[in-house]
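Here the structure comes first, spelled out in structure tokens, and everything after it is commentary.
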Amino acid sequence: MLENRINRRAILHSGITLAGTLAAVQLGSGKKAQAHFTPSSQRKGILLAVDLQNGFLTTPECQAVVPKVVNYASQFHQVWATRFFNRNPNFSRQLNWNEMVSGQETELSTTLSPVVSKTFDKPSYSPVSRALLQVLRNDGITTVAVCGVDTDACVMATALGLFDAEFETFVVSDGCASSGGQEYHEAAIKILERNIGEQYVISFSELPAMQQ
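Just so we're aligned: the sequence shown equals residues 11 to 222 in this note's numbering.
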């Protein structure tokens with residue numbers, strides 16, 4: 011029974027097929043591009059922790075992300091978080107997945123909450139909306155480092171949305187995990203390297219300074 015519940019929870023954050031992911035990676039293999047980071051004096055960066063909610067922290071790998079975020083929180087101007095609420099009928103209709111609607115499972119990890127300055131609720135893979143973009147711009151944020159779960163679903167959607175919105179976007183490779191397992195996490199990292207740049211998919215210790 012527990013295994014079935016975990017598998018249903020994993021559906022949302024493992025929506026990309028591994029075969030399709032690896033095929034796309036092969037298309038992007040080639041010469042490494044040069045990074046053009048925003049100068050430190052002009053960078054005001056936040057850490058955006060994606061969906062670190064009780065109902066998604068179902069594996070040791072996902073649970074291990076939370077203490078890393080807390081440990082590195084002081085390196086950023088602020089830590090913001092997203093919370094997923096299952097409101098889109100497609101999750102039930104197409105995936106037969108009906109969890110994360112309300113209650114304790116939708117709450118942020120209590121370990122994470124003390125370091126979070128702002129929280130944004132969403133009914134979709136990505137939180138990138140006019141409202142979020144307006145807050146980012148009003149606060150003078152230039153750079154967003156994305157972490158959380160799942161690498162192959164909501165983390166990827168968030169990073170690509172921020173990239174499209176013209177923010178300097180990093181994905182913290184050791185600050186992400188997938189409830190689908192390490193294979194999905196690694197495949198998603200490869201996709202992200204191709205789509206936002208290898209130099210922008212790096213570990214916490216490799217990130218440039220995020221505070222002005």
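No residue lacks a Cβ here, since even glycine has one placed at the ideal position from N, Cα and C.
Predicted model, so just to flag it, every value in this text is computed and none were measured.
For residue i and residue j, which I take to be in contact (beta-carbon distance under 8 Å), what is that distance rounded to the nearest angstrom?
i	j	result
G185	K78	5 Å
S189	T69	6 Å
T153	G65	29 Å between Cβ atoms; not a contact.
L217	F177	No, L217 and F177 are not in contact; Cβ-Cβ is about 15 Å, not under 8 Å.
L118	A91	6 Å
N98	S134	6 Å
S50	A219	5 Å
Q221	F86	7 Å
How many Å lie between residue i and residue j at the Cα?
i	j	result
L202	V211	7 Å
Q63	D160	11 Å
D162	F173	16 Å
S123	D61	12 Å
R204	F214	19 Å
R93	H46	31 Å
I151	T168	16 Å
F95	C164	12 Å
N108	V145	30 Å
L143	T129	13 Å
Q114	E196	30 Å
V125	S102	33 Å
K132	N100	14 Å
Y194	A175	26 Å
V182	Q104	30 Å
R147	T48	16 Å
Along the chain, where does the alpha helix (DSSP H) containing residue i start, and where does it finish?
i	result
Q102	In the sequence as displayed, the identity of residue 102 is Ser instead of Gln. That run of the alpha helix (DSSP H) goes P99 to R103.
F173	M166 to D174
L142	R140 to N148
Q73	P70 to Q73
R204	Q192 to I206
Quick one: give me the first and last residue of the beta strand (DSSP E) that residue i is part of.
i	result
A155	T153 to V159
V125	Per DSSP, V125 belongs to no beta strand (DSSP E) and is neither H nor E.
R53	R53 -> no beta strand (DSSP E), and no H or E assigned at all.
F95	Premise fails: F95 is in no beta strand (DSSP E) and is neither H nor E.
A83	Looking at the DSSP string, A83 is not in any beta strand (DSSP E), and its letter there is neither H nor E.
S183	E178 to A187
By Cβ distance, which residues of its chain are closer than 6 Å to residue i, with the 5 residues on each side in sequence left out?
i	result
G171	S136 and V138
R140	none
Q88	I56 and S127
L58	W90, V154 and V156
Please confirm whether any heavy atom of the ligand GDP lies closer than 7 Å to the CB of residue i.
i	result
T121	The ligand content of the structure shown is nil, which means the ligand GDP is not present either.
Suppose the cutoff is 7 Å on Cβ atoms and the five residues either side in sequence are ignored; what does the same chain contact list for residue i look like?
i	result
C72	F66, V159, A187 and S189
M166	A198, I201 and L202
Q52	T152
Apart from the five residues on each side of it in sequence, which residues of its chain come closer than 8 Å, Cβ to Cβ, to residue i?
i	result
T121	V76, P77 and V80
A74	A187
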